[in-house]
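In structure tokens, the structure reads:
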């Protein structure tokens with residue numbers, strides 16, 4: 001006979017053990033469990049204790065339903081670069097202690113509820129503060145161009161009370177970005193010297 005271990009009230013993934021029912025042919029106790037979704041399921045103590053069964057099947061159903069969802073692919077990639085040390089982007093995310101908030105980490109539906117569907121294929125998820133975590137207050141859908149302007153290595157400065165990145169400044173004043181970047185580097189990364197230089201060349205009023 002298998003040794004009995006009382007699992008009543010214990011939670012295993014989405015399942016909560018309600019009461020023992022019987023023993024199977026291997027002498028494992030079968031438990032009636034209630035899933036977070038409201039369904040009940042009979043599960044052996046072995047499957048519960050070893051983490052082999054964590055829901056009534058609804059979690060697997062949801063995962064399969066999400067598989068072709070473009071937002072779900074973005075959600076999975078977000079978690080991968082934060083937690084998978086083998087991912088090529090890990091050093092810039094998980095390696096810098098960037099995390100996914102607890103509300104989103106294991107709940108795609110909450111992620112989607114908070115950020116909504118992306119406006120088009122041109123958008124991906126962006127952290128407003130690139131040094132903070134993925135969380136509702138710090139995330140939005142953004143185009144590649146918008147994300148480029150928000151990178152950690154973007155050169156930002158104030159000109160006439162307006163903040164610009166070097167790329168935004170080049171676009172605003174119709175200046176070749178490559179030339180502007182060259183002037184910036186030539187003047188030892190000194191924005192004011194760069195501005196004075198292009199003013200003297202008559203490129204900026």
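In the working numbering, the protein residues as written are 1 to 205.
Note that the Cβ used here is the ideal one computed from N, Cα and C, for glycine as well.
Excluding the 5 residues preceding and the 5 following residue i in the sequence, name in chain order all residues of the same chain whose CB lies nearer than 8 Å to its CB.
| i | result |
| --- | --- |
| residue 123 | 141, 142, 143 |
| residue 175 | 169, 198, 203, 204 |
| residue 134 | 78, 82, 98, 99, 100, 101, 104, 125, 127 |
Note the first and the last residue of the continuous alpha helix (DSSP H) segment covering residue i.
| i | result |
| --- | --- |
| residue 169 | 166-172 |
| residue 192 | 191-200 |
| residue 186 | 177-186 |
| residue 102 | 102-105 |
| residue 71 | 70-83 |
| residue 35 | Looking at the DSSP string, residue 35 is not in any alpha helix (DSSP H); the run it does join, the beta strand (DSSP E), is 29-35. |
| residue 88 | No alpha helix (DSSP H) contains residue 88, which DSSP labels as neither H nor E. |
| residue 109 | 108-115 |
May I ask which residues mark the beginning and end of the beta strand (DSSP E) holding residue i?
| i | result |
| --- | --- |
| residue 18 | 15-23 |
| residue 156 | 156-159 |
| residue 47 | That residue, residue 47, is in no beta strand (DSSP E); its alpha helix (DSSP H) goes 45-49. |
| residue 124 | 123-127 |
| residue 140 | 139-143 |
Is residue i near residue j, with beta carbons less than 8 Å apart?
| i | j | result |
| --- | --- | --- |
| residue 45 | residue 11 | no |
| residue 185 | residue 177 | no |
| residue 114 | residue 136 | yes |
So, for residue i: in the same chain, excluding its five sequence neighbours on each side, which residues have a beta-carbon less than 7 Å away from its beta-carbon?
| i | result |
| --- | --- |
| residue 173 | 204 |
| residue 89 | 81 |
| residue 1 | Only weak support exists for where residue 1 lies, its pLDDT of 45 falling under 50; the value from the coordinates is given anyway. So the list reads 27, once near-sequence residues are dropped. |
Identify, in the order they occur along the chain, each residue of the same chain with its Cβ nearer than 6 Å to the Cβ of residue i, setting aside the five sequence neighbours on each side.
| i | result |
| --- | --- |
| residue 23 | 29 |
| residue 47 | 53 |
| residue 194 | 183, 184, 187 |
What is the C-beta distance between residue i and residue j, in whole angstroms, given that I count them as a contact (C-beta under 8 Å)?
| i | j | result |
| --- | --- | --- |
| residue 112 | residue 71 | 6 Å |
| residue 8 | residue 19 | 7 Å |
| residue 54 | residue 15 | 6 Å |
How about the segment 24-34 and the segment 74-82: do they share at least three Cβ pairs that are nearer than 8 Å? no
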